[in-house]
Amino acid sequence: MIDRRYFIIGGMATAMGSAAFGAPPAGGFASRRIGVVVRGAGPDVILVHGLDSSRAVWNGTVAAISGYRWHLVQIGGFGGMAAGANASGPIVAPIAAEIARYAQWAGLDRPAVIGHSMGGTIALTQAIDQPQSLGRLMVVDMLPAPAALLGLDSATGGLFASLAMSLGGGDAGMIRSLTRTLGGGEDSDDRVTANALRELAGLDLGPRLPRIATPLTVVYAEPPADVVDPHLVAARYRSAYAAVRGVRQVGIADSGHMVMLDQPARFATAVRAFLAPA
């Protein structure tokens, strides 16, 4: 299992918050689950952040890559946005459906979607349930069974999350300490964080992967070689996504979970290659 000290190298940078991103909202789109801001011009790309994070995590990537119209999703309950309908119940599938609804509302023609961590789980779900709503997909440092990132399976992961939440009780500090292991920041609603953590810990999209027909690229972090053998990490991802025909996998060396912050230049190179015309 990857040493958690290196699981995230730059995660605290997610505490930048959504206020750091001065783009206008997608005016007219009403949602109780997500908000969207739009920057740039060109082919459309939807960006989905991870657990307990914010759309600001993409600032450097958007600044580094011109020639695209970026749609930055903010998930309610994180990054200072009101929880809305995310305050209770599942959020992965409902948010995937809401992003698909946004794409239709905005008239996007099979846009590219890039999701990091929990955002990758959401994007995978979108590709499975609403395949007509996207044209290509990049998942960043997320396995089909999210609990596997902590060396657990979906059964023990769900038990772990439930136990952690019960032990934490009303202590927000317990919840935040857990989510920081997954790259979380501040300014989030603890109810949404707890519900999302529990849902992710018990989720396994592996059996549904054969349904994915959307071209898929998986970018994964390779921690320093003295922490874990990069060949083992690569093998883990190859095995996890083997059921997806034609999947392309890209390792980012010397990185923690927050790949876009830990290795911004290498990540930008991977994104450019992903977005390049076929």
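Numbering (the UniProt record's numbering), first residue to last: 1 to 278. Each residue gets a CB set at the ideal place from its N, CA and C atoms; glycine is no exception.
Please report the straight-line C-alpha distance between residue i and residue j, rounded to a whole angstrom.
i	j	result
valine 140	methionine 260	9 angstroms
leucine 51	alanine 147	13 angstroms
alanine 201	proline 223	22 angstroms
tyrosine 220	isoleucine 122	16 angstroms
valine 37	histidine 116	17 angstroms
tryptophan 70	isoleucine 252	23 angstroms
tyrosine 68	aspartate 187	29 angstroms
leucine 108	aspartate 226	44 angstroms
alanine 82	glycine 120	22 angstroms
glycine 256	glutamate 199	23 angstroms
phenylalanine 274	leucine 124	16 angstroms
valine 48	methionine 258	13 angstroms
glycine 158	leucine 203	Residue placement at glycine 158 cannot be trusted, given a pLDDT of 46 that sits under 50; the coordinates are not used to answer.
leucine 134	proline 111	5 angstroms
serine 53	glycine 60	15 angstroms
residue 294	aspartate 254	Limits of the chain in this structure are 1 at one end and 278 at the other, which puts residue 294 out of reach.
valine 228	glycine 27	46 angstroms
glycine 42	aspartate 262	27 angstroms
alanine 276	leucine 72	20 angstroms
aspartate 44	arginine 101	15 angstroms
alanine 278	arginine 55	27 angstroms
arginine 208	proline 230	27 angstroms
Give the C-beta separation of residue i and residue j to the nearest angstrom, bearing in mind that I take them to be a contact with Cβ-Cβ under 8 angstroms.
i	j	result
proline 144	glycine 206	4 angstroms
glutamine 126	isoleucine 99	6 angstroms
leucine 216	leucine 137	5 angstroms
aspartate 129	alanine 93	7 angstroms
When the distance is taken between beta carbons, is residue j closer than 8 angstroms to residue i?
i	j	result
isoleucine 65	arginine 272	yes
valine 57	arginine 39	no
valine 113	isoleucine 34	no
alanine 265	valine 250	no
Taking C-alpha atoms, which residue in the options lies nearest to residue i?
i	options	result
valine 218	Ala234, Pro43, Gln263	Ala234
isoleucine 91	Gln104, Gly76, Tyr102	Gly76
aspartate 190	His49, Gly79, Gly28, Asp129	Gly79
leucine 97	Pro230, Asp44, Arg32	Strictly speaking, residue 97 in this sequence is alanine, with leucine absent from that position. When each option's Cα is compared against that of alanine 97, the closest is Arg32.
alanine 240	Met142, Phe29, Arg101	Met142
phenylalanine 29	Tyr237, Val228, Gln104	Gln104
tyrosine 237	Met118, Arg55, Leu149	Leu149
- Query: Hey, is the stretch 190-204 in contact with the stretch 81-95, meaning 3+ C-beta pairs nearer than 8 angstroms?
  - Reply: yes
- For the 8 angstroms Cβ check, are there 3 or more pairs between the stretch 243-259 and the stretch 207-216? yes
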